[in-house]
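Scroll down for the structure; my scribbles are underneath it.
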Amino acid sequence: MHWKSRLLAAAIAGVGLAAMAGTASAAGPTCKDGAIKVGAVSTVTGPADFSEVPKATQAAFDAVNAAGGINGCKIDYTIADDKADPAVAAQAARDLIDNKEAVALVGSASLLDCAVNSATYSRKKILSVQGLGVDAACFSSPNVAPVNVGPYTLSTAMAYYATNELKTKKLCAFFIIIGGTQEAYKKAIENWEKISGQKIHLIDLTLPFQGDLTPYVIKARDAGCDAVLTNQVEPQVVQLIKTVDAQKITGINWLFLAPGYTEQVAKALADTKQPIYVGTEWEPFTEKNSAANAQWIADMQKANRPLTAFSQGGYLAAELFLKVVASIDGEVTRESVAKALHDMQPLTNPLAGSPYVFGKAKTHSPMQATKVMKLEAGAWKVETPDWVVLPQAK
């Protein structure tokens, strides 16, 4: 279904939203000079490349612009590279807000944007529909609401899956701590303890980003862990499992977060017999025949963009933002966009297991659901066709 048809189905405020695209109508959003200015602060160069996220946002906006825009308003989108440098990130945000006059930030994905700029966003009264929330500040700011589950909620969800579905009795957690993430990961485990009524068997906050992992897998074995949760990224996931195999350790379920869910990990670990599970942040991107992925796949292929989880996040941020803008009756300004996001009703999208809402809370973690994939003979298989939705902590 094309985006105009999906917006028509939403029919906010009794206005046929599909009619807002292409030609102006008596009601709906309006804009000066025919453009709505939007930006993103993302890490493109440096130690990480998250450019697939805002580029997917750009592709979604380009498709809308090609159809005439929203009620005749086209999206003027600027992607700023923060280079993972705090000073560059701060300058990028100021440029988008003060010089580019962005009405909102959409599809940002950065190692440090939220930590560096959340105070600026609050002061300037601009909101960010984050395409990929990475650092802890993305989930603890009144002006940022990511469209992804994030590593902290996903840690809680995977721990919940381990105890609820794998019947884990001795859950152990090993976390890499970078920057100010320690409290966020500790809080994730505390939330799981409240939900499950269990206590963590072992938590280790010294897992290295690089180095020998042998002492850690032996520690897990000797502690009697029946499941181990870690927040490692792609190369470390492979290293950990190869270390486990080298030590001939068996009887432990290994649980990882979304960065472990890649085709490269599956290929590298094709020969392992270890039970490996990963949590997704959206509909599993490797499921090419999934109805939930159909529109995203069609739009990304048309734009010649890769089919990755990162592009799902950028695409989803754009789709949700477009629906919110389409609900505005009058000029699209920073103030009217902020009001629409604050007052919005929850919006569902087949890519996500939770409805998205920005709202007026002091912190935002709207996405509370994951699907779980299991590695089998070098391929990811859907372990939970239904979403694993976190219950409220007791």
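Reading the sequence shown from the start, the letters are residues -26 to -1, 1 to 368 in mature numbering (1 follows the signal peptide of the UniProt record, and there is no 0).
Glycine included, every Cβ here is placed at the ideal spot set by N, Cα and C.
Just so it is clear, the structure is predicted and the values come from calculations on it, not from any experiment.
Across which residues does DSSP place residue i in a beta bridge pair?
| i | result |
| --- | --- |
| residue 54 | 15 |
| residue 343 | 363 |
| residue 48 | 9 |
Please list the terminal residues of the continuous beta strand (DSSP E) segment that includes residue i.
| i | result |
| --- | --- |
| residue 355 | 353 to 356 |
| residue 214 | Here residue 214 belongs to no beta strand (DSSP E); instead the alpha helix (DSSP H) covers 208 to 220. |
| residue 202 | 201 to 204 |
Give the DSSP-derived three-state secondary structure of residue i in the structure shown.
| i | result |
| --- | --- |
| residue 364 | coil |
| residue 123 | coil |
| residue 329 | coil |
| residue 147 | strand |
| residue 288 | helix |
| residue -5 | Residue confidence is low: residue -5 scores 47 on pLDDT, short of 50, so the model does not pin down where it sits. No coordinate-derived value is stated. |
| residue 41 | coil |
| residue 4 | strand |
| residue 98 | helix |
| residue 234 | helix |
| residue 376 | Because the chain spans -26 through 368 in this model, residue 376 falls outside it and cannot be assessed. |
| residue 66 | helix |
| residue 85 | coil |
| residue 76 | coil |
| residue 228 | strand |
| residue 349 | strand |
| residue 106 | strand |
| residue 181 | coil |
| residue 281 | coil |
| residue 140 | coil |
| residue 243 | coil |
Which residue comes first and which comes last in the alpha helix (DSSP H) that contains residue i?
| i | result |
| --- | --- |
| residue 166 | 156 to 170 |
| residue 307 | Taken as a continuous stretch (DSSP letters only), residue 307 belongs to no alpha helix (DSSP H), as it is neither H nor E. |
| residue 192 | 188 to 196 |
Quick check: what's the CA-CA separation for residue i versus residue j?
| i | j | result |
| --- | --- | --- |
| residue 353 | residue 57 | 34 Å |
| residue 259 | residue 190 | 31 Å |
| residue -3 | residue 71 | Reliability fails at residue -3, whose pLDDT of 44 lies under 50, so the model's placement of it is uncertain and no value is given. |
| residue 62 | residue 250 | 39 Å |
| residue 130 | residue 365 | 10 Å |
| residue 53 | residue 15 | 6 Å |
| residue 233 | residue 1 | 43 Å |
| residue 173 | residue 146 | 10 Å |
| residue 308 | residue 333 | 16 Å |
| residue 187 | residue 194 | 11 Å |
| residue 342 | residue 161 | 15 Å |
| residue 355 | residue 347 | 5 Å |
| residue 44 | residue 3 | 7 Å |
Since residue i contacts residue j with CB under 8 Å, what's their CB separation in whole angstroms?
| i | j | result |
| --- | --- | --- |
| residue 128 | residue 257 | Their Cβ separation, rounded to whole angstroms, is 15 Å, which puts residue 128 and residue 257 out of contact at 8 Å. |
| residue 18 | residue 55 | 4 Å |
| residue 134 | residue 169 | 6 Å |
| residue 179 | residue 210 | Not a contact, Cβ separation roughly 15 Å. |
| residue 229 | residue 212 | 15 Å between Cβ atoms; not a contact. |
Using a Cβ-Cβ distance under 8 Å, would residue i count as near chain D?
| i | result |
| --- | --- |
| residue 324 | Here there is only one protein chain, and chain D is not present. |
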